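Q: Below is one structure. I have some questions about it.
Residue numbers (the working numbering): 7 to 146.
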């Protein structure tokens with residue numbers, strides 16, 4: 007507030023570079039307007055009798071897809087079960103490679119075998135996991 011008080015209609019019109027009548031016309035139009043929240047404009051009852059507002063129906067493109075979340079969670083559970091069913095040595099290779107981020111050479115040092123043998127164990131484990139997960143899909 008440059009004036010340290012409410013400006014007069016004349017002062018406002020002057021600042022807006024319009025006539026006083028036009029300024030007063032604007033004020034009249036604004037005062038006759040009704041401001042309503044979008045979620046109050048449209049509200050209906052769903053099949054359970056609950057009120058559903060417009061806001062509830064808007065799609066949020068950044069929101070996680072519930073079906074995708076469920077699918078990912080189920081896949082994680084199935085993968086964990088499949089890993090648990092692997093022979094101990096293959097399970098260890100998978101854990102060290104994917105969870106501990108060790109290289110095949112480093113895993114070979116831990117297990118006391120060659121990098122080539124670790125590669126064979128890793129390949130066998132991955133094939134068993136694929137087979138198990140594909141078998142689960144066929145049963146679903």
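In this text, a Cβ means the ideal position worked out from N, Cα and C, and glycines have one as well. It should be emphasised that the depicted structure is a prediction, and the values quoted were computed from it without experimental measurement.
Grab me the residues of residue 95's own chain with a C-beta within less than 7 Å of its C-beta, minus the 5 sequence neighbours each way, in chain order.
A: For the purposes of this step, residue 95 is taken as residue 89 along the chain shown, with counting starting at 1. Counting only Cβ-Cβ distances below 7 Å, and skipping sequence neighbours, we find 127.
Q: Would you grab the beta carbon distance between residue 92 and residue 134 for me? Rounded to a whole angstrom, and I think it's under 8 Å.
A: For the purposes of this step, residue 92 is taken as the residue at position 86 of the chain shown. For the purposes of this step, residue 134 is taken as the residue at position 128 of the chain shown. At roughly 6 Å, the Cβ-Cβ gap stays under 8 Å, so residue 92 and residue 134 are in contact.
Q: Around the C-beta of residue 36, are 16 or more other C-beta atoms found within 10 angstroms, so that it is buried, or is it exposed?
A: As a working note, residue 36 is residue 30 in the chain shown. Per the 10 Å Cβ criterion, exposed.
Q: Please classify residue 22 as buried or exposed, where buried requires at least 16 neighbouring CB atoms within 10 angstroms.
A: Position 16 of the chain shown holds residue 22. Flag for residue 22 reads exposed.
Q: Tell me whether residue 131 is buried or exposed, calling it buried when 16 or more other Cβ atoms sit within 10 Å of its Cβ.
A: Start at 1 with the first residue of the chain shown, and residue 131 comes out as number 125. Label assigned to residue 131: buried.
Q: Whole angstroms are fine: how far does the CA of residue 88 sit from the CA of residue 141?
A: Residue numbering aside, residue 141 sits at position 135 when the chain shown is read from its first letter. Residue numbering aside, residue 88 sits at position 82 when the chain shown is read from its first letter. Straight-line Cα distance between these residues: approximately 11 Å.
Q: According to DSSP, simplified to helix, strand and coil, what is residue 124?
A: As a first step, residue 124 is located in the chain shown; it is residue number 118 there, counting from the start. In this structure, residue 124 counts as helix in the three-state DSSP scheme.
Q: Tell whether a beta-carbon distance below 8 Å holds between residue 121 and residue 108.
A: Here the question's residue 121 lines up with position 115 in the chain shown. Here the question's residue 108 lines up with position 102 in the chain shown. Not a contact, by the Cβ cut-off of 8 Å.
Q: To the nearest angstrom, how far is it from the Cα of residue 66 to the Cα of residue 57?
A: The count along the chain shown starts at 1 and reaches residue 66 at position 60. The count along the chain shown starts at 1 and reaches residue 57 at position 51. If I take the Cα positions, the gap works out to 20 Å.
Q: Decide if residue 24 is buried, meaning its Cβ has at least 16 other Cβ atoms within 10 Å, or exposed.
A: Counted from its first residue, the chain shown places residue 24 at position 18. It is exposed - the Cβ of residue 24 has fewer than 16 other Cβ atoms within 10 Å.
Q: Quick one: Cα of residue 106 to Cα of residue 68, how far?
A: Numbered from its first residue, the chain shown carries residue 106 at position 100. Numbered from its first residue, the chain shown carries residue 68 at position 62. Computed Cα separation, rounded: 31 Å.
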